[in-house]
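Data first, discussion second: the structure below is written as structure tokens.
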Amino acid sequence: MLVNSRMLLALVVWGSVACLFGSDAAFAQASGCTMERMAGTSRQVMRCADGVTIVAESGARFNIIDRNRDGRPDAVSLRNKAVLVDVDRAQRPGGFEVVTPQAIAAVRGTRWAVDVNSGTTSVFVVRGRVAVGRPSAGRRVVLSVGEGVDVTRGSTPLAVRRWPPARAAALLARLGQ
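What follows is the structure in structure tokens.
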């Protein structure tokens with residue numbers, strides 16, 4: 049019974065810190081967002097009144113995070129597959145994050161894609177600039193348009209690379225772009 053009490057306490061603490069919501073229509077509506085399927089595809093699009101748009105590929109596993117419980121999403125916790133995030137800096141000056149097991153990608157206003165696959169998080173910038181680092185801290189890198197980084201667990205330095213057009217196009221095609 050002691051183990052169960054500790055597990056319950058851990059869940060209560062986790063819920064109060066992260067305030068995770070499922071990627072569903074109920075949260076979208078409550079936060080001033082709309083959730084819809086892209087016509088002719090199984091991709092989902094969430095559009096929020098405060099300038100955040102998230103396109104999730106079919107089968108993507110993610111949760112929306114509202115850390116300060118103001119009813120507006122602050123981040124996406126992505127566990128599998130890819131999302132494309134578009135943040136309007138004029139409407140959302142506080143920025144937005146995509147958190148994965150391997151990386152945190154944060155911006156002030158931009159458009160970028162994040163893909164989680166087989167223990168690697170890949171981040172690619174379509175517009176603007178994105179800071180990427182590991183959740184365990186360490187040095188962050190800043191990506192510009194056309195650049196990407198592949199993040200794995202561990203401490204090897206993150207290497208920013210200009211992505212070949214074919215790689216960028218393949219990821220963006222999965223997201224309907």
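Under this note's numbering, residue 225 is the last one in the sequence shown; the count climbs by one each step, no gaps. Think of the CB as a built atom: it goes at the ideal place given N, C-alpha and C, for glycine as much as any other residue. Here the structure is a predicted model, which means the values were calculated and not measured.
DSSP, reduced to helix, strand and coil, places A97 outside both helices and strands of the structure shown, so it counts as coil. Contact annotation: the stretch 149-165 touches the stretch 118-132, with at least three C-beta pairs closer than 8 Å.
By alpha-carbon distance to T204, the top candidate from P121, R117, V189, W211 is V189.
Only exposed fits R109, as fewer than 16 other CB atoms lie within 10 angstroms of its CB. With contacts defined as CB atoms closer than 8 Å, G80 and A97 qualify as a contacting pair.
The three-state reading of DSSP puts L206 in coil, since its state is none of H, G, I, E or B. In this structure, the CA atom of G99 is about 15 Å from the CA atom of I112. The C-alpha of Q150 lies about 9 Å from the C-alpha of D198.
Fully enclosed alpha helix (DSSP H) runs of no fewer than 4 residues are not present anywhere in the stretch 132-162. As DSSP reads the structure, M83 sits in a beta bridge with M94.
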